[in-house]
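Some notes on the structure that comes next.
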Amino acid sequence: QVQLVESGGGSVQAGGSLRLSCAASGTIFSINDMGWYRQAPGKQRELVAAITSGGSTNYADSVKGRFTISRDNAKNTVYLQMNRLKPEDTAVYYCNAEIKIVRVKNYWGQGTQVTVSS
Numbered sequence: 001q002v003q004l005v006e007s008g009g010g011s012v013q014a015g016g017s018l019r020l021s022c023a024a025s026g027t028i029f030s031i032n033d034m035g036w037y038r039q040a041p042g043k044q045r046e047l048v049a050a051i052t053s054g055g056s057t058n059y060a061d062s063v064k065g066r067f068t069i070s071r072d073n074a075k076n077t078v079y080l081q082m083n084r085l086k087p088e089d090t091a092v093y094y095c096n097a098e099i100k101i102v103r104v105k106n107y108w109g110q111g112t113q114v115t116v117s118s
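All letters in the sequence shown, in the order written, are residues 1 to 118 by the numbering used here.
And the structure:
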């Protein structure tokens with residue numbers, strides 16, 4: 001059984017920083033892409049940032065220059081460093097990973113709330 005466990009969400013004032021972590025556990029052969037998505041109330045889930053197993057990254061335009069995604073392949077963990085947070089960054093943030101056990105499947109974390117007050 002594979003699980004993605006997120007941590008690091010919380011409440012912060014505008015301009016502040018938070019760091020999200022997501023650790024994959026279970027019987028894992030390999031992990032391909034990992035990423036962070038977010039969903040604000042009344043809105044669709046959207047990609048925030050993604051990172052390949054080789055370290056190539058991709059960001060939503062709205063977070064470029066403020067957020068940094070990274071991963072530790074030895075720990076099966078992905079991070080999202082969020083700086084200069086804005087109220088519009090308020091959402092539930094979900095970790096996502098393409099994990100190969102026998103074949104590749106897509107897994108989601110349970111979500112962690114990030115609230116940015118003005």
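Glycine is no exception: its CB is placed at the ideal position from the N, C-alpha and C atoms.
Measuring straight from C-alpha to C-alpha, what distance separates residue i and residue j?
i          : j          : result
residue 47 : residue 58 : 9 Å
residue 8  : residue 56 : 23 Å
residue 28 : residue 5  : 14 Å
Thinking C-alpha only, which one of the options is nearest residue i?
i          : options            : result
residue 35 : 71, 88 and 9       : 71
residue 83 : 22, 64, 44 and 97  : 64
residue 94 : 45, 67 and 81      : 45
residue 2  : 23, 11, 12 and 16  : 23
residue 97 : 90, 114 and 73     : 73
residue 90 : 27, 5 and 111      : 111
residue 21 : 88, 85, 79 and 100 : 79
Starting from residue i, follow its DSSP beta bridges and name the residues at the other end.
i           : result
residue 81  : 19 and 68
residue 114 : 10 and 91
residue 3   : 25
residue 30  : 100
Assuming residue i contacts residue j (C-beta within less than 8 Å), just tell me the rounded distance between them.
i           : j           : result
residue 116 : residue 38  : Not a contact, Cβ separation roughly 12 Å.
residue 32  : residue 102 : Contact doesn't hold; Cβ gap of about 14 Å is too wide.
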